[in-house]
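Colleague: Got a structure here, written out as structure tokens. Questions coming.
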Amino acid sequence: MVPAERTVHIPEETAVGLEARIRGSGFQSVDAFVAFVLARLLETPGEVPFSEEDERRLKERLRSLGYID
Numbered sequence: 060m061v062p063a064e065r066t067v068h069i070p071e072e073t074a075v076g077l078e079a080r081i082r083g084s085g086f087q088s089v090d091a092f093v094a095f096v097l098a099r100l101l102e103t104p105g106e107v108p109f110s111e112e113d114e115r116r117l118k119e120r121l122r123s124l125g126y127i128d
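Going by the working numbering, 92 is the number at position 33 of the sequence shown; the sequence numbering is gapless.
The following block contains the structure:
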């Protein structure tokens, strides 16, 4: 059985940068790389990958891009 998947939208500029970064790395796609990075973040439960200030700035940026209200 194939695991369920979800779609995540990222800015084109980010996707292009990721494509350049993974070139020659063994990752077959940006999707595979992003899934790998996110899975690695989840490997260390309890650790906060962002400070409160980082989280505030991230939310502010996402809000300015229209991703959240």
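The C-beta atom is built at its ideal place from N, Cα and C for all residues, glycine as well.
Spatial neighbours of F109 within its chain, please: C-beta separation below 8 Å, excluding the five flanking residues on both sides.
Modeller: The answer, listed in chain order, is L117.
Colleague: By how many angstroms is the C-alpha of E119 removed from the C-alpha of D113?
Modeller: Each residue's alpha carbon lies about 10 Å from the other.
Colleague: Does the distance between the C-beta of L121 and the nearest non-hydrogen atom of the ligand GTP fall short of 7 Å?
Modeller: No copy of the ligand GTP appears in this structure; indeed no ligand is present at all.
Colleague: What are the start and end residues of each continuous alpha helix (DSSP H) run of 4 or more residues lying completely inside the segment 70-110, in chain order?
Modeller: Listed in chain order, they are 71-81, 89-101.
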